[in-house]
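Inspection log for the structure reproduced underneath, given as structure tokens.
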Amino acid sequence: MNQSKKGFIYTTIGATLWGINGAFAEFLFLQKGVTSDWLTPYRLLLAGIFLLVYLYAKDKNKIFDIFRNTKDLIRVFVFGVFGMLGTQYTYFTTIQHSNAGIATVLQYFGPTLILLYVCFKEKRKPKP
Numbered sequence: 121m122n123q124s125k126k127g128f129i130y131t132t133i134g135a136t137l138w139g140i141n142g143a144f145a146e147f148l149f150l151q152k153g154v155t156s157d158w159l160t161p162y163r164l165l166l167a168g169i170f171l172l173v174y175l176y177a178k179d180k181n182k183i184f185d186i187f188r189n190t191k192d193l194i195r196v197f198v199f200g201v202f203g204m205l206g207t208q209y210t211y212f213t214t215i216q217h218s219n220a221g222i223a224t225v226l227q228y229f230g231p232t233l234i235l236l237y238v239c240f241k242e243k244r245k246p247k248p
């Protein structure tokens, strides 16, 4: 299979899974009584396991390379806690208290809010 076709397939799968993520979470919250406190760590754990299995299947010799460089390990840890855990928890909590549509709009409106906050606080216009 050529790279273009493989890229198309991976993009389609990723977009589909991302698209159903919020709706599936909303279903779990409304119909199964799941909370964002429960869902967030299990989702991240399951995603981590899938990534490790994929990496192991692709090149099992590289699976522990992250532990060779302390600086990279710290960066991955900080990204995991503040990047992934933080965004997933707030996304799922928003879905739990409203719905998937509102959570998605707020998620993508975040950078605009940050821009407005910085411009207001520093009393300046945004730079291109």
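Numbering of the sequence shown is given in our numbering, commencing with residue 121 and proceeding in unit increments.
Even glycine gets a Cβ: it sits at the ideal position worked out from N, Cα and C.
From a predicted model like this one, the values you see are computed outputs, not experimental measurements.
Three-way DSSP call (helix, strand, coil) for aspartate 231 in this model: On the sequence shown, position 111 is the one that residue 231 refers to. Strictly speaking, residue 231 in this sequence is proline, with aspartate absent from that position. Here proline 231 sits in helix by DSSP.
Phenylalanine 202 and leucine 159 - do their beta-carbons sit closer together than 8 Å? Translated into positions along the sequence shown, residue 159 becomes position 39. Translated into positions along the sequence shown, residue 202 becomes position 82. Not closer than 8 Å, so no.
Going by the beta-carbon positions, is the gap between alanine 145 and isoleucine 215 smaller than 8 Å? Taking the first residue of the sequence shown as position 1, residue 145 is located at position 25. Taking the first residue of the sequence shown as position 1, residue 215 is located at position 95. Cβ atoms of alanine 145 and isoleucine 215: closer than 8 Å.
Taking its Cβ as the centre, do 16 or more other Cβ atoms sit within 10 Å of alanine 220, making it buried, or is it exposed? Locating residue 220 in the sequence shown gives position 100, counting from the first residue. So alanine 220 counts as buried.
Proximity below 8 Å, CB of tyrosine 228 to CB of serine 156: The residue given as residue 228 occupies position 108 in the sequence shown. The residue given as residue 156 occupies position 36 in the sequence shown. Result no, Cβ atoms of tyrosine 228 and serine 156 do not sit closer than 8 Å.
Cα-Cα separation between leucine 175 and lysine 182, rounded to whole angstroms: Within the sequence shown, residue 175 is the residue found at index 55, counting from 1. Within the sequence shown, residue 182 is the residue found at index 62, counting from 1. Approximately 8 Å between the Cα atoms of the pair.
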